[in-house]
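A.B. asks: The structure under discussion is supplied below as structure tokens; questions concerning it will follow.
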Amino acid sequence: MPSPGSTTTTSGSTTTTSTSTTTSSSTTTTSSSTTTTTDDSANRVIIKDFAFAPATLTVPVGASVTWRNDDGFTHTVTADGGSFSSGILAPGATFSHTFNSAGTFPYHCGLHAFMSGTITVQ
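For reference, each letter of the sequence shown is one residue, going 13 to 134 in our numbering.
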């Protein structure tokens, strides 16, 4: 619950908090502003037309990436090193993986070897 004199606005996945205090008699003014953006839609990869889009994605450590199969065919999301695998993703299905360490994680579709992408975690 916001304290008196503070305003919290949540819109979509952006949270903005502003605090303002003004005192008359001996003029005291306090201002602070915090903006936190956690746009999970930025961490999405769409599978369509036998391709991953975007093919390269950079996320912070601890972020989850969600792949969604918007194609008319089944696909997989399989890490080249074997660290994660979606199994078969039917059309409309999603798969999420959380990246807890920094690095570069190339992946591919196990059913269509020409489909590939890379997640870079910083």
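Where a beta carbon is used, it is the ideal one built from N, C-alpha and C, also for glycine.
(1) Based on DSSP bridge pairs, tell me the residues matched to Thr-110.
(2) Give a yes or no on contact between the region 99 to 107 and the region 75 to 89, applying the rule of three or more CB pairs nearer than 8 Å.
(3) My understanding is that Asn-112 touches Val-57, with C-beta atoms under 8 Å, so please give their C-beta distance in whole angstroms.
(4) Run the CB neighbour count on Phe-117, radius 10 Å, all protein chains shown included, and call it buried at 16 or more, exposed below.
(5) Which whole-angstrom value is the C-beta distance of His-120 and Asp-92, which I expect to be below 8 Å?
C.D. replies: According to the data block:
(1) Ser-76
(2) yes
(3) Their Cβ separation, rounded to whole angstroms, is 18 Å, which puts Asn-112 and Val-57 out of contact at 8 Å.
(4) buried
(5) 6 Å
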